[in-house]
Amino acid sequence: MEARDAIAASGLAAGTPRPRLEAARPRYGERVIKALLALCAVLSIVTTVAIVVSLVGPTVEFFREVGIFDFLFGTNWSPTISPESYGVLPLVIGTLSVTLWGLIVAVPVGLGAAIYLSEYARPRVRKLLKPTLEVLAGVPTVAFGFFAFSFVTPVIQDIWPGFLGDEPNVFNAGAAGLAIGLLIVPIIASISEDAMSAVPAGLREGAYALGASKMRVALRVVFPAALSGVVASIVLGVSRAVGETLVVLMAAGNTPNLDLTFSESVQAITAYIGVVATGDISTQSLEYNTIFAVGLLLFVVTLGMNLLSIRLVRRYREVYE
Amino acid sequence: MKKHKLLVAFPTVLALAFGVAACGGDDEASSASGEEVSGELAVDGSSTVAPLTEQVGALFQEENPDTRVTVGTAGTGGGFERFCAGETDISDASRQIEPEEEKLCQENGVEFEEIVVANDALSVVVNPDNPVTCMSPDQVSEIYGPDADATSWGDIQGLDAEYDEELAIFSPGSDSGTFDYFTEAVNGEEGKSRTQDVNVVGENDNATVTGVAGDPGGIGYFGFSFFNENQDQLKALEIENEDGECVAPAEETTQDGSYNPLGRQLYIYPSAEALQRPEVQEFIQFYLDSLGEVIPQAGFIPLTDEQLSESQQNVENLLSGGGGSGQGG
Chain A
1 MEARDAIAAS GLAAGTPRPR LEAARPRYGE RVIKALLALC AVLSIVTTVA
51 IVVSLVGPTV EFFREVGIFD FLFGTNWSPT ISPESYGVLP LVIGTLSVTL
101 WGLIVAVPVG LGAAIYLSEY ARPRVRKLLK PTLEVLAGVP TVAFGFFAFS
151 FVTPVIQDIW PGFLGDEPNV FNAGAAGLAI GLLIVPIIAS ISEDAMSAVP
201 AGLREGAYAL GASKMRVALR VVFPAALSGV VASIVLGVSR AVGETLVVLM
251 AAGNTPNLDL TFSESVQAIT AYIGVVATGD ISTQSLEYNT IFAVGLLLFV
301 VTLGMNLLSI RLVRRYREVY E
Chain B
1001 MKKHKLLVAF PTVLALAFGV AACGGDDEAS SASGEEVSGE LAVDGSSTVA
1051 PLTEQVGALF QEENPDTRVT VGTAGTGGGF ERFCAGETDI SDASRQIEPE
1101 EEKLCQENGV EFEEIVVAND ALSVVVNPDN PVTCMSPDQV SEIYGPDADA
1151 TSWGDIQGLD AEYDEELAIF SPGSDSGTFD YFTEAVNGEE GKSRTQDVNV
1201 VGENDNATVT GVAGDPGGIG YFGFSFFNEN QDQLKALEIE NEDGECVAPA
1251 EETTQDGSYN PLGRQLYIYP SAEALQRPEV QEFIQFYLDS LGEVIPQAGF
1301 IPLTDEQLSE SQQNVENLLS GGGGSGQGG
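In the order they appear, the protein sequences are chains A and B.
In terms of the numbering used here, the first sequence is numbered consecutively and its last residue is 321.
In terms of the numbering used here, the second sequence is numbered consecutively and its last residue is 1329.
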């Protein structure tokens, strides 16, 4: 320290010019690269805005002909087959059904896996298990669709206990929900595990020193401390479930259904868009505009979920120095 | 599942195109006019007619390796929309063109011809466990009508067998010619159909097959070929015709007209402009010539001799009318 100061002082004293930190010549290449990098960062915002803009036009067109109240609270969805009606509630409830069954699988399994990995698993096991779990997140969703349709459905039809009512249909909300549940387990497990691992070791050690059991440490110390991450992972999982298209399209059927159901066929918001958009309908028609109205609804719902997750994360965050 | 089919069809078509291209030289004499043609043909339209056109297209490419025939399945209505916008050369249709569609074509200056290529028996299918064998169009309408509210097979009056399973109703999308034809024949008004508790599968007829095969109360409808391919999983209902007889969908009953009102004809619509091109002329002629071979493969019902000679006559008229200018280029 002192030596360096001495050198600097002697340099100044000798009257040498202060070293300039900027480049001697303007570096145009660097500016271009900076601009390109900024462009990359801005691109995601531009895309979001572009999506909203592209959704809004046809949606406005749609609401010129259909009342917004009829759309949001109508209980009858039949935009392509006359007599037409445009109540979106059956689609919303279809999406809710599927998401509900998905969460019933994914939250306990995902959190269980996270707690095991962060608190109980030996490092070697953990090194093996975590990447495997993350591989599951990379399986194409069409594979989950096949899995739901050709494996989950027959199995639940076989083991369906009679007291629950009629056996599930070939296309049913339950199988799609369970498959989506498996799809979001890695999201919940991985993010929650990160949050739990980030809890300072001192907290655990303190609890152990006070005589707490391993389970008590996991559930009463680590889990609450990691709550913000856990909540974020669940909300992210919900967003993923709400937006999932192929699984519901392949396994849940296309019957708009007003009941929160396990065994019946439903039509989720995304499945409606999928089936109608691939049918090559006229671009000038009201039914074409329904895709955009429904798509915007989906966008607003997932945006809402994400905003909620940010709020929750802030609220429950525990900061440790 | 529609995609599934395309996935199978595309490699086949490609394999044919490439495989034959390699040894194309010695094939020349076999094409109808003895000359090889080249170019691209865009076909779109009915998912019912598509299997037929796909097969003809594959054979055609085998003989004319420099041609590419693409067959879309946008549905009859969707197909005509593209056709009348001038985007396609030929439109597959499972019903005749409608006045509004004709008007759209006129506005865009697209002229066309109608050629009957096959007969089809629109088949109403149920699960094999279902004891019902015959229904009248009115009874079918109690399931599919716009005001229908039957939830169980037991709700339908006057069935020939007692059955108390809950209904699982499948329907093609409103873009499909099958939907148009069925709703007109059964519900009396085209496009009107039940909207509640219906599984609308779009253009994906295979979803109807799986759905009906897997559900004891299932019911659905589609072209004869889909029933033909899936006879082991499904049962086709007999339909009471105007004479009050119960008639099953089959070759003879469709050809002699006794399978009514659900027997129908399938069409292709070439545009006059496309017919100026030699490869399109060749293709249309080839289409009719290979019908005898591909119709049984595609699961359709052959044309009667009368229908065939009429179509043949139509094509000849077309070719002699529009052929001259095309041959020069």
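All residues carry an ideal CB built from backbone N, CA and C; glycine is no exception.
Note that the structure is predicted; figures quoted are calculated from it, not measured.
The CB of D166 (chain A) comes closer than 8 Å to the CB of E1166 in chain B, given here in chain order. With a 10 Å radius around the Cβ and a threshold of 16 neighbouring Cβ atoms, N1127 (chain B) comes out buried. DSSP places E1273 (chain B) outside both helix and strand once states are collapsed to three, so it counts as coil.
The C-beta of E1279 (chain B) has 16 or more other C-beta atoms within 10 Å across all chains shown, which makes the residue buried. At a cut-off of 8 Å between beta carbons, N172 (chain A) makes no contact with chain B. Between S1193 (chain B) and S1047 (chain B), the beta carbon gap of about 18 Å keeps them out of contact (Cβ cut-off 8 Å). Per DSSP, the continuous beta strand (DSSP E) segment holding G1045 (chain B) begins and ends at 1039 to 1045. Boundaries of the beta strand (DSSP E) harbouring E1240 (chain B): 1238 to 1240, taken from the DSSP string. Between G94 (chain A) and G74 (chain A), the C-beta spacing is not below 8 Å. Per DSSP, the unbroken beta strand (DSSP E) holding T1070 (chain B) starts and ends at 1067 to 1071.
As computed with DSSP, K1192 (chain B) is found in a beta bridge with A:S82. Contact check for D1066 (chain B) and E1098 (chain B): beta-carbon distance about 36 Å, past the 8 Å limit, so the pair fails to qualify. M1135 (chain B) has B:I1239 as its beta-bridge partners, per DSSP. Around the beta carbon of E1240 (chain B), 16 or more other beta carbons sit within 10 angstroms, so the residue counts as buried.
Looking only at B:F1179, B:A1074, B:E1310, B:D1197, the smallest Cα-Cα distance to E1189 (chain B) is reached by B:F1179.
Scanning the segment 246 to 310 of chain A for uninterrupted alpha helix (DSSP H) segments of 4 residues or longer gives 246 to 251, 269 to 277, listed from N- to C-terminal end. A Cβ-Cβ contact shorter than 8 Å links T80 (chain A) with V276 (chain A). The residue from B:E1282, B:E1166, B:A1272, B:G1202 with its alpha-carbon nearest to that of G1154 (chain B) is B:E1166.
Listed along chain A, no residue sits closer than 7 Å to K1235 (chain B) by beta-carbon distance, the nearest being about 16 Å off. Residues of chain B with a Cβ closer than 8 Å to the Cβ of G162 (chain A) do not exist; the shortest Cβ-Cβ separation is about 15 Å. Membership of N1199 (chain B) in the beta strand (DSSP E) is indicated by the continuous run 1198 to 1200. Residue state for L1303 (chain B) is assigned as coil, using DSSP reduced to three classes.
For the segment 1177 to 1205 of chain B, residues whose beta-carbon sits nearer than 9 Å to a beta-carbon of chain A comprise F1179, T1183, E1189, G1191, K1192, S1193, R1194, T1195, Q1196, D1197, V1198, N1199, V1200, V1201, G1202, E1203, N1204. The C-alpha of N1228 (chain B) lies about 11 Å from the C-alpha of F1222 (chain B).
Look at S1174 (chain B): its C-beta is under 8 Å from a C-beta on chain A.
The shortest C-alpha to C-alpha distance from A252 (chain A) to any of A:V266, A:L210, A:T153, A:G295 is the one to A:V266. DSSP, reduced to helix, strand and coil, places N172 (chain A) outside both helices and strands of the structure shown, so it counts as coil. If you compare the alpha carbons of B:S1038, B:E1040, B:G1039, B:D1044 with that of Y1267 (chain B), the shortest gap goes to B:D1044.
The beta-carbon distance between S192 (chain A) and A226 (chain A), rounded to whole angstroms, is 7 Å. This is short enough to meet the 8 Å contact definition. Taking C-beta atoms as the reference points, T278 (chain A) and G1202 (chain B) count as a pair closer than 8 Å. Residue range 1115 to 1121 is occupied by the beta strand (DSSP E) that includes N1119 (chain B). Close CB contacts of S1171 (chain B) within its chain, under the 6 Å cut and outside five residues either way in sequence, are with V1198, V1200 (chain order).
With contacts defined as CB atoms closer than 8 Å, A271 (chain A) and I184 (chain A) fail to qualify as a contacting pair. By the Cβ neighbour-count rule, G162 (chain A) is exposed, with fewer than 16 other Cβ atoms within 10 Å of its own.
Annotation: A207 (chain A) is outside any beta strand (DSSP E); the continuous alpha helix (DSSP H) that includes it extends over 201 to 209. Using a CB distance cut-off of 8 Å, I81 (chain A) counts as an interface residue toward chain B.
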